[in-house]
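Read the sequence shown against this note's numbering and you will find it ends at 606, with the numbers running on by one and no gaps.
Backbone N, C-alpha and C fix where the C-beta goes; we use that ideal spot for every residue, glycine too.
Predicted, not measured: the structure shown is a model, and the values here were computed from it.
Some notes on the structure that comes next.
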Amino acid sequence: MANPTPPCVLMNRIVFFVGDTLDDGTSRDTAGMPIGWSKARALSPREAMEAMEPITFLAEPPEVSYLQMRSPTPAHALQMGSVDRGDVSGTHKGIVVIYADFYRPGCCNLHGCYLLYDASKPNNGDALTVIPQLPDSRSDPTLVYLGNSAVLVTDPHSAAGDDDYILADIVTSPGPELVGHGLPEATIFTWSSAAGGGEWIRSSIPQLPLPAHLCGPNQMFQIDRTFSLDSGRICWVDLLQGILFCDDLLAPEGPKLGFIPLPAGCCSDVHHKLRHQKMPSVHRSIACVSGVIKFVTLFGCGRDFRTPAEAMLKTWALSPDFKEWEEDTRALSIADIWASESFNQMGLPHVIPVSPVLSITEDGVMYAVLNDIERVPAQFDEFGNVVLRGHLVAKANYMIRFDINQNKVLSSTKLSELASLSWTTPNFFATDFTAYLSDHKVLATTSSFTSTVSSPQLFHCGTLHFRLNSHLDTC
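Have a look at this one:
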C-alpha cells in the first residue's frame with residue numbers, strides 16, 4: 132500500500148507528553164516492556180527523554196496535525212514526573228526541533244533540553260536525539276532567550292549525500308541591573324551533529340544590526356518564527372518588526388548578520404511587557420513559499436477600521452537580495468471574502484479570519500481559522516447585582532484553505548465536534564517534514580482518535596497515525 136501521507140501539513144506547535152495509555156484509554160502492562168521499574172528509575176534525564184515514543188498524528192490540510200511523546204511504561208512515566216509538554220521551534224527537512232519541558236535558555240530545569248525528532252528514522256531508539264541545555268548557571272543564569280529561536284541548518288562542511296546539520300540558538304544577556312535584555316549584545320551557540328557526542332560552541336559576533344529602538348528599554352526584538360533556507364541562511368522573525376538574518380554560521384571570523392524591517396506601515400511598536408497582549412501570530416505570519424519569503428497580515432483587526440468588514444488582507448514578497456518588499460497577491464477586504472460565492476456556499480460564519488498561514492507549496496494560498504463565537508451579556512437581578520457575568524461561548528471552529536487571488540475558499544473543515552475558545556489563539560504552522568517520513572511506515576486502519584477529531588478516519592502503523600478525509604492533500 133502506497134504511503135498516502137500529505138507532502139506538507141499544518142502542524143500544532145504544542146507537543147504533549149503523555150503516559151503509556153493506549154488509544155482506548157487503558158494502560159499497558161509493564162510486564163515484558165523494554166524498560167521495567169528498576170531500570171526506568173535508573174535512567175539519566177537524557178536517557179529518559181530519548182526513551183519516549185514519538186506518535187505522529189497526520190491530517191490532510193486544512194485539518195491540523197500534531198506530535199505526541201508517549202512514555203513506554205508507567206515506571207517511565209513516573210520518572211518523567213511533571214514533564215507534560217514541549218514546544219516546536221521549527222522543522223528542517225524531516226527533523227522537528229522541540230523545546231522540551233518548557234525549556235528556554237536562562238530557564239533551567241531537570242528534563243529541559245532541545246529534543247530533535249527525525250521522522251525519517253524508525254522508532255527503535257534512533258528517532259529522538261537529546262541535545263543538552265546551553266551552558267549556563269542554574270543558580271545565576273547569564274543567558275536570556277529571545278523567543279522561538281532554535282533552528283537547524285544544513286552543515287556546510289558535510290560531504291555530498293550526508294545529512295549532517297547544525298543546531299543554532301541565539302541569546303542575549305540580562306540588561307542593566309538585571310532588567311530587560313542586553314541587546315544589541317548577543318551570542319549564537321551552535322551544535323554539530325557530525326561531532327559525535329558534540330558540545331555547544333559559542334560564536335563571537337558583533338552587536339546585532341537591529342534598529343536602536345528594538346534594543347530597549349521599552350521595545351525589544353523578540354523572535355516569533357524561525358526557519359533556514361536551502362542556502363544556509365537563517366531567518367529569525369519578529370512578526371511586529373522584521374527579519375534578523377544570518378549567513379556563514381561557522382565562518383572563522385564569525386557569522387554575517389543583517390536586518391530587514393517589515394513592509395512599510397506593517398511595523399508595530401509595542402512595549403515589550405505588553406507584547407503578549409498583541410499576539411502577533413493571530414493576525415500575521417511569514418513563510419518561505421517555494422523559495423520566496425512572503426509576509427501576510429490582516430490590517431484593521433483592532434481600532435484602525437470602523438467595522439470588521441473593512442479589515443484588509445495583504446501579502447508581500449521579499450526580494451532575493453533581502454532589500455525590499457513588493458506587494459504580492461491582490462488586497463482583499465474581509466467584506467470581499469464574506470461576499471464570495473464559495474464562502475457562502477459552504478455556510479461559513481461571517482467572522483474575521485485569524486492566524487493566517489501561507490501554504491509553503493501553493494503560491495497565493497493560505498489557511499486561516501474562523502471562530503463562530505457568541506457573546507453572552509451579563510445578567511443582573513432586580514437590585515442591579517451581577518448574577519451571571521458576561522462571557523463568550525464557542526459555537527464552532529473552522530479551518531479554511533483559501534486562494535487569495537481568486538477570492539475563493541478551496542476547502543474547509545470543522546476543527547472538532549466540540550467547539551473551543553482555544554482556537555481564538557491557535558498555534559500552528561505549515562511544514563513539509565512529512566515528505567521525509569521513512570518508507571517503512573506503511574499505513575493500516577485502526578480506531579479513530581476521538582480525543583481530537585471524531586469525524587475523519589484515522590490511520591496508523593506503530594507510531595504513525597493519519598486522518599483521511601476528502602480534502603486535497605497539498606499545502
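Taking a 10 Å sphere around the C-beta of D459, we find 16 or more other C-beta atoms and assign the residue as buried. The beta-bridge partner set that DSSP reports for Y529 consists of L501 and K545. For A550, DSSP assigns no beta-bridge partner whatsoever. Sequence-distant Cβ neighbours of A525 in its own chain, meaning closer than 6 Å and more than five residues away, are I504, A550, S551 and L552.
Counting only residues of its own chain and dropping the five nearest sequence neighbours on each side, A182 has a CB closer than 7 Å to the CB of I166, L174, P203 and H207. The Cβ atoms of F564 and T222 lie closer than 8 Å to each other. For I229, the enclosing beta strand (DSSP E) stretches over residues I226 to A231. When only Cα atoms are considered, D369 and D355 end up about 5 Å apart. In this structure, L501 sits near P484, with a CB-CB distance shorter than 8 Å. Going by beta carbons, A281 and D300 fall inside the 8 Å limit. With a cut-off of 8 Å on Cβ pairs, the segment 246–253 is in contact with the segment 218–234, counting three or more such pairs. Per the coordinates, the alpha-carbon of Y276 lies some 10 Å from the alpha-carbon of P305.
Every candidate alpha helix (DSSP H) stretch fails here, since none sits fully inside the segment 304–373 while reaching 4 residues. In the DSSP assignment, P487 falls within the beta strand (DSSP E) that extends over V485 to L489. By the beta-carbon neighbour count (other beta carbons within 10 angstroms, threshold 16), L141 is buried.
Annotation: the continuous alpha helix (DSSP H) that includes R406 extends over R406 to K409. No residue range can be given for S175, since it is assigned to no beta strand (DSSP E) and is classified by DSSP as neither H nor E. As for any alpha helix (DSSP H) of minimum length 4 sitting wholly inside the segment 369–403, there is none. The three-state reading of DSSP puts T492 in coil, since its state is none of H, G, I, E or B. A direct Cα-to-Cα measurement between Q537 and R415 gives close to 20 Å. For H207, the enclosing alpha helix (DSSP H) starts and ends at P205 to M211. With 16 or more neighbouring CB atoms inside 10 Å of its own CB, R235 falls in the buried class.
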